[in-house]
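For the sequence shown, this note's numbering gives the first residue as 47, with consecutive numbering after it. By construction, the Cβ of each residue, glycine as well, lies at the ideal position given by its N, Cα and C atoms. As the structure is a computational prediction, the values presented were derived from the model and not from experiment. Heads up: the structure comes next, in structure tokens.
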Amino acid sequence: MKKVFGLFVIAASLTACDNGDMVFENLNFEGKEIQKCQDNELHFKINSNELLLVDFTDNRNNTTTSWLNREAELDKIVPIDTDRAKIYYRTYDAPLSNNTICSLFAPANPKVTSEYTSVSGGKILYTRTMAPVVKDGIVTVTYAFTINFENITLTNGTSEIKYTTYPFGTYIYDTSKISLNYTNFLFCEEENTLVGNKTIELLKLKLADDFVFPTTETTQTIHLSTENNLKTFIYDKNLSSDLKLCEPIDKEKYKVKEEWTATEGTLIIQSKLGATGYRHSLKIENAKFTNGKSSFIITDKDMGIYDPRT
Numbered sequence: 047m048k049k050v051f052g053l054f055v056i057a058a059s060l061t062a063c064d065n066g067d068m069v070f071e072n073l074n075f076e077g078k079e080i081q082k083c084q085d086n087e088l089h090f091k092i093n094s095n096e097l098l099l100v101d102f103t104d105n106r107n108n109t110t111t112s113w114l115n116r117e118a119e120l121d122k123i124v125p126i127d128t129d130r131a132k133i134y135y136r137t138y139d140a141p142l143s144n145n146t147i148c149s150l151f152a153p154a155n156p157k158v159t160s161e162y163t164s165v166s167g168g169k170i171l172y173t174r175t176m177a178p179v180v181k182d183g184i185v186t187v188t189y190a191f192t193i194n195f196e197n198i199t200l201t202n203g204t205s206e207i208k209y210t211t212y213p214f215g216t217y218i219y220d221t222s223k224i225s226l227n228y229t230n231f232l233f234c235e236e237e238n239t240l241v242g243n244k245t246i247e248l249l250k251l252k253l254a255d256d257f258v259f260p261t262t263e264t265t266q267t268i269h270l271s272t273e274n275n276l277k278t279f280i281y282d283k284n285l286s287s288d289l290k291l292c293e294p295i296d297k298e299k300y301k302v303k304e305e306w307t308a309t310e311g312t313l314i315i316q317s318k319l320g321a322t323g324y325r326h327s328l329k330i331e332n333a334k335f336t337n338g339k340s341s342f343i344i345t346d347k348d349m350g351i352y353d354p355r356t
């Protein structure tokens, strides 16, 4: 990353010309999409031949990471100084593309005609958001950073561009889907918990201590709340088919991306006699799942069938 961005800066310094008499009163990037280089932490906007770029690389402790924390749920502040995030504004002599910005070796054209760099003292504020949308019983969760600048000063050594506040925009960095439908169920007697999984999803239903799965055809209704503890987990990779669901999952091998808790609604367990014995189907109605400040509601969803004999 240091090599890539070093080449980017060197190329600009070799081609930049002196525009000390030019004063830009406005940064004209409203409505332009935030893009990101795949292999580093450069986030940028392009408006024809203009570039507004933020380098979120964090090189502290001899490691290269990002100042954008994907685990954050609250507003965060990144100070602008020589060792932290930096903002660059550049103009070129021809229109830009993302390949111009993200290439390992800076192309000969277009050439930089002016460059303004942030000075210490300003701040970059960001909010990590997690927005779920339900369609046809499937939940799509979109993860994004909303980024704003505060009290920034950009300079080319002679002229300055100043903003008390400036909205950089929103960058969508990931999405995931929640099906709430499970193909593999296991009852963990020690904790009286029903566990189900499918690909990256894991369901945990903590049942009452006196709850038993019936051996007669019947329908049971459970009112969902934080005490009943119906949770669904989304992992960063598919869970192995031979995973022992009643044992703790290796947190180093499988990292939890999301954890949603059903705080309202109804769980219906319908028990019927099948060819090999009683099978128990699970269904939720008007179930509200929450994660921090985010929530979604599933009005009617069959989650799968628990067969004690499989």
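Quick check on DSSP: helix, strand or coil for residue i?
i: residue 148; result: helix
i: residue 332; result: strand
i: residue 325; result: strand
i: residue 275; result: coil
i: residue 230; result: strand
i: residue 108; result: helix
i: residue 346; result: strand
i: residue 75; result: coil
i: residue 306; result: strand
i: residue 287; result: coil
i: residue 101; result: strand
i: residue 134; result: strand
i: residue 158; result: strand
Buried or exposed: where does residue i fall if 16 or more other Cβ atoms within 10 Å of its Cβ makes it buried?
i: residue 182; result: exposed
i: residue 338; result: exposed
i: residue 151; result: exposed
i: residue 27; result: This structure gives no information on residue 27, because the portion of the chain shown stretches from 47 to 356.
i: residue 82; result: buried
i: residue 332; result: exposed
i: residue 320; result: exposed
i: residue 190; result: buried
i: residue 390; result: Missing from the structure shown is residue 390; the chain here goes from 47 to 356 and no further.
i: residue 60; result: Since pLDDT at residue 60 reaches only 35, below the 50 mark, its modelled position is unreliable, and no value is offered.
My understanding is that residue i touches residue j, with C-beta atoms under 8 Å, so please give their C-beta distance in whole angstroms.
i: residue 217; j: residue 246; result: Actually they do not touch by this definition, with Cβ atoms about 23 Å apart.
i: residue 177; j: residue 340; result: 7 Å
i: residue 156; j: residue 138; result: 4 Å
* Asked: Three or more beta-carbon pairs under 8 Å between the segment 216-225 and the segment 258-265, yes or no?
  -> Fewer than three beta-carbon pairs drawn from the segment 216-225 and the segment 258-265 are found closer than 8 Å, and the two stretches are therefore not classed as touching.
* Given 8 Å as the limit, is there contact between the segment 224-238 and the segment 198-216, that is, 3 or more CB pairs closer than that? -> Contact fails: fewer than three Cβ-Cβ distances are below 8 Å.
* Residue ranges of each beta strand (DSSP E) within the segment 175-249, 3 or longer -> 184-201, 206-224, 230-234 and 239-244, all fully within the segment 175-249.
* Asked: Are at least three pairs of beta-carbons, each pair with one atom in the segment 93-102 and one in the segment 131-141, less than 8 Å apart?
  -> Yes, the segment 93-102 touches the segment 131-141.
* Stretch-stretch touch, CB-based, cutoff 8 Å, three pairs: the segment 267-285 with the segment 294-311 -> The answer is yes - the segment 294-311 touches the segment 267-285, with three or more Cβ pairs under 8 Å.
* Asked: Between the segment 293-304 and the segment 316-333, do three or more beta carbon pairs fall short of 8 Å?
  -> No, because fewer than three Cβ pairs between the segment 293-304 and the segment 316-333 fall closer than 8 Å, the two stretches do not touch.
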